[in-house]
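The block underneath contains the structure these notes are about, expressed in structure tokens.
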């Protein structure tokens, strides 16, 4: 009872009257520094004044001041507090791993049942209560691994727990251990006992269960393995009936309460907090989310039990932190967050994602950003992190054309930019800033101001190839199709269906770009624990053969996605690098509940975009081919200049020169223009 009362006090303190600064109301480009600020602060080599002079130049920063993932980041607490005290108008978000934690970071608060394990097996030999190493015979040694990732000598961490009368794991009697080696022929494991502060326990032969932890590699080989939180709704609870989420919310409330290490921070930017249970890609084992000793991958009775547990955790966290703090999470993949009701927005880790330098998933990324912009919790706040290929080292930067496209997207979408990849720093800088974010040599944040007109998607100017897509153009083998006013209603023939598939018969097409617009609206799945948006996948299928794909893009190999929820949402799908021919649009819809499609149009043109702002304009061309923008038609009576850029960035594109009535952008390029003074 006393602990519960303390928790109530902490929750009240964490949420009391805090209001994050309204960064989302600032003019564009809105920009934040990312985690390099955290790394430089932690070195101890800079005074606060030196560090602050660099990282106070934009609209805030995102970084770590806890050691849950990277050690020594707690050294940043004083810098972060002072930064917020001196710059209350700037946004300061805690970067927090929402999937795993380092085993050196306060795991004593959690019980064995609060972590995710892979499927294990029974021990067939007696296990004595001894320290040091023990050789244990097991039913199936193939369930365990040494050398967890390429080039590593690290082995599984293990849990050894009792088996109950029904032969299922009893997580209330458990010790932690480390795997030393495997004798596959002899069916034994050599185990280091009593690890991570636990005590060695004794078990009779056949009375113990051994399972490997689901872990993520540390940042360095000598670091600690990181254990995965078990958010599954059906996960076992501790002796006090508490879930992993209960303890994590209690802990987070302490961090953000007055006197806590995050008491001056404006919220949390979650990293790797997934809707689908995910372990490192080189690990093919399935998790056991409900802790019953059998692998389930987090899917129970056909439902993503783990993912809905994550959303339940976000609901608890929002209640604990209140409305005044910002909470975001990864949104750049379909398996990322769907907690729209409780999160203010998403992070796009890279654009479209950090492994897509070809900008192949342009449409999926735009759809995700726009859906979060329209459906996140108020105040809505999403950001695009400029980042590619985590494996690349050093000061690599992508082509300037790619960077300009990435920088243009947040401005066009009315979201924020985070500087992961940065340009070369000037001699007087610790961290470079892209010219486009600060009007070049003017070094003026938010220089564009607010939008002065709507986003213009220029593909609409091309003729509609399907003439509104009437009912007779649609086909399906597993769904019933009907016209409901101006909408196409799609209902599964099988109520429990996991997916529905429909096809829009196409028209002759000249290539190389095709853009499809449609408004989608979906009813919730009745068998899901709570109503959340569903996913829609779109691909082109050519009559008589495959389309060309010169850039090894996602076309054919991976379809383009959009969310569909209770409110109408305009999705767009842009396909590029195509040969002439006739194409059908194939849609795969998650779940069998009704979905409605309206306002369909198909255009033989790229999804080029333009938007006017108070003090300039932004253009973007996602096509592989050059595209001409008619500035006179787009912005009548306005004249524009290129930015006057830095000599160590792209002085040709940002030359400071006037722009005529037309501007040609090369493939996968963007352009920021400033409004010319009236003569």
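In my numbering, the protein residues as written are 1 to 679.
Even glycine gets a Cβ: it sits at the ideal position worked out from N, Cα and C.
All values reported here derive from a predicted model rather than from experimental measurement.
For residue i, count neighbouring Cβ atoms within 10 angstroms of its own Cβ and tell me buried if that reaches 16, exposed if not.
i           : result
residue 43  : exposed
residue 582 : exposed
residue 613 : buried
residue 580 : exposed
residue 480 : exposed
residue 284 : exposed
residue 654 : buried
residue 123 : buried
residue 679 : exposed
residue 709 : Examination of residue 709 is not possible in this model, given that the chain is present from 1 through 679 alone.
residue 677 : exposed
residue 280 : exposed
residue 73  : buried
residue 175 : buried
residue 151 : exposed
residue 673 : buried
residue 278 : buried
residue 566 : exposed
residue 664 : exposed
residue 636 : exposed
residue 19  : exposed
residue 461 : exposed
residue 428 : exposed
residue 623 : buried
Who does residue i pair with in a DSSP beta bridge?
i           : result
residue 326 : 267
residue 658 : 641
residue 157 : 178
residue 621 : 669
residue 416 : 383
residue 406 : Partner(s): none; residue 406 has no beta bridge.
Out of the options, which one is the CA nearest neighbour of residue i?
i           : options               : result
residue 660 : 647, 630, 672 and 669 : 630
residue 125 : 54, 376, 494 and 208  : 208
residue 505 : 426, 474 and 571      : 474
residue 328 : 322, 339 and 132      : 339
residue 66  : 94, 405 and 609       : 94
residue 675 : 294, 656 and 485      : 656
residue 83  : 455, 56 and 620       : 56
residue 190 : 133, 184, 167 and 229 : 133
residue 476 : 454, 542, 398 and 586 : 586
residue 430 : 519, 51, 31 and 35    : 51
residue 96  : 451, 109 and 267      : 267
residue 595 : 523, 376, 168 and 230 : 523
residue 459 : 620, 361, 98 and 401  : 620
residue 648 : 425, 443 and 597      : 425
residue 378 : 345, 405 and 128      : 345
residue 634 : 608, 652, 642 and 359 : 608
residue 478 : 588, 81 and 367       : 588
residue 61  : 447, 47, 270 and 35   : 35
residue 263 : 453, 436 and 92       : 92
residue 22  : 662, 323, 47 and 354  : 323
residue 354 : 236, 310, 421 and 244 : 421
residue 206 : 404, 127, 439 and 47  : 127
residue 508 : 401, 234, 443 and 541 : 541
residue 69  : 46, 105 and 87        : 105
residue 312 : 238, 239 and 234      : 234
residue 331 : 535, 292 and 168      : 535
residue 177 : 160, 367, 408 and 38  : 160
For residue i, is the beta carbon positioned less than 6 angstroms from some heavy atom of the ligand HEM?
i          : result
residue 61 : Looking at this structure, you won't find the ligand HEM or any other ligand, since it has none at all.
Taking 7 angstroms as the CB-CB limit, is residue i close to chain C?
i           : result
residue 621 : In the displayed structure, chain C is absent; only one protein chain is listed.
*When the Cβ atoms of the stretch 248-264 are set against those of the stretch 296-309, are three or more pairs found closer than 8 angstroms?*
Cβ pair count under 8 angstroms is below three, so no.
*Do the stretch 377-390 and the stretch 413-424 make contact, defined as three or more Cβ pairs closer than 8 angstroms?*
With a cut-off of 8 angstroms, the stretch 413-424 and the stretch 377-390 count as touching, because enough Cβ pairs lie within range.
*Which runs of the beta strand (DSSP E), 3 residues or longer, sit entirely within the stretch 50-137?*
As far as the stretch 50-137 is concerned, its whole beta strand (DSSP E) runs of at least 3 residues are 60-63, 91-97, 100-102, 121-123 and 133-137.
*Give a yes or no on contact between the stretch 104-121 and the stretch 77-85, applying the rule of three or more CB pairs nearer than 8 angstroms.*
Contact between the stretch 104-121 and the stretch 77-85 is absent: fewer than three C-beta pairs spanning the two stretches fall below 8 angstroms.
*asked:* What ranges does the beta strand (DSSP E) occupy inside the stretch 432-459, keeping only unbroken runs of at least 3 residues that lie completely in it?
replied: As far as the stretch 432-459 is concerned, it has no whole beta strand (DSSP E) run of at least 3 residues.
*asked:* Taking contact to mean 3 or more Cβ pairs, one atom from each stretch, closer than 8 angstroms, check whether the stretch 526-534 and the stretch 617-636 are in contact.
replied: Touching, no, given that fewer than three Cβ pairs across the two stretches are closer than 8 angstroms.
*Evaluate the contact criterion for the stretch 459-468 versus the stretch 595-605: three or more CB pairs, one atom per stretch, below 8 angstroms.*
Counting C-beta pairs with one atom in each stretch, the stretch 459-468 and the stretch 595-605 have three or more that are closer than 8 angstroms, which means they touch.
*Touching or not, the stretch 331-350 and the stretch 490-509, by the rule of three or more beta carbon pairs under 8 angstroms?*
Counting C-beta pairs closer than 8 angstroms gives fewer than three between the stretch 331-350 and the stretch 490-509, which falls short of the contact rule.
_Measuring CB atoms only, is the stretch 227-238 touching the stretch 209-217, in the sense that at least three cross pairs come out at less than 8 angstroms?_
Taking a contact to require three or more Cβ pairs closer than 8 angstroms, the stretch 227-238 and the stretch 209-217 qualify as touching.
*Whole runs of the beta strand (DSSP E) within the stretch 29-53, excluding any shorter than 3 residues*: When DSSP assignments are scanned along the stretch 29-53, the uninterrupted stretches of beta strand (DSSP E) that are 3 or more residues long and fall wholly within it turn out to be 31-33.
*Hey, which unbroken runs of the beta strand (DSSP E) at 3 residues or more fall wholly within the stretch 459-487?*
For secondary structure counted as the beta strand (DSSP E) over 3 or more consecutive residues, the stretch 459-487 holds these complete runs in sequence order: 479-484.
_In chain order, what are the residue ranges of uninterrupted alpha helix (DSSP H) at least 4 long that sit wholly in the stretch 558-639?_
Listed in chain order, they are 631-634.
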